[in-house]
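Colleague: Residue numbers for the sequence shown follow the numbering used here, beginning at 372 and rising by one. Built from N, CA and C at the ideal position, the CB exists for glycine as well. Every value quoted in this text rests on a predicted model; they were computed, and no experiment measured them.
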Amino acid sequence: MSHERRRHRVFCTQHTEYHLRDSECVGVRDRSTYAWLSNHAALRLHALAIPEADDESTWIGQRIQFWGRNTDVVTSPVVSIGRPNLGEVYEYVSQARSGLIHENPRSELEASLPG
372 MSHERRRHRV FCTQHTEYHL RDSECVGVRD RSTYAWLSNH AALRLHALAI PEADDESTWI
432 GQRIQFWGRN TDVVTSPVVS IGRPNLGEVY EYVSQARSGL IHENPRSELE ASLPG
C-alpha cells in the first residue's frame with residue numbers, strides 16, 4: 372500500500388470551500404463567486420479532526436471545527452471533499468503578501484523550487 376503524499380484537500384460546504392494543507396486552513400473561497408476570502412476567520416487555523424484520505428466519505432454531513440488561540444470556527448455541514456488543482460494551490464492566502472493575494476505567486480514559488 373502506498374503512502375499518500377498529497378497534503379492539500381478541499382472541504383466544500385453549501386456556500387464555501389475550505390482549502391486545507393494537512394490540518395491548517397490555507398484558503399477559503401466563496402463557491403458562488405469563486406472569490407478568495409482573505410479575511411475569513413478560519414484562515415491559518417487548524418482543524419481539530421479531519422478524515423484520513425481513505426475515509427473521506429464518512430465526513431459528508433459533518434462539520435469541521437477549526438481552533439486557534441483567540442477564535443474557533445465551526446463550518447456548516449460538508450457536502451463534498453476533493454483535491455485542489457495546482458493553480459488553486461498557488462492562489463492560497465498562505466502565498467499572500469500583506470494580507471492580499473499576490474498578483475503572480477506562481478513565478479516566485481517556481482523560482483524557489485530546487486532544480
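1) Consult DSSP for residue 389 and reduce its assignment to one of helix, strand or coil.
2) So what does residue 398 bridge to, in DSSP terms?
3) Measure the alpha-carbon distance for residue 379 versus residue 394 and round it to whole angstroms.
4) Specify the secondary structure class of residue 451 as computed by DSSP and reduced to three states.
5) So, for residue 411: in the same chain, excluding its five sequence neighbours on each side, which residues have a beta-carbon less than 6 angstroms away from its beta-carbon?
6) Given a threshold of 16 other Cβ atoms within 10 Å of its Cβ, counted over all protein chains shown, does residue 372 qualify as buried or as exposed?
7) Please report the straight-line C-alpha distance between residue 473 and residue 406, rounded to a whole angstrom.
Modeller: So, to answer that:
1) strand
2) 390
3) 9 angstroms
4) strand
5) 399
6) Caution applies to residue 372, whose pLDDT of 44 falls short of 50 and renders its modelled position unreliable; the value that the coordinates give is listed next. With fewer than 16 other Cβ atoms within 10 Å, it is exposed.
7) In this predicted model, residue 473 has a pLDDT of only 44, less than 50, meaning its place in the structure is not dependable; the value taken from the coordinates is given anyway. Going by the C-alpha atoms only, they are around 14 angstroms apart.
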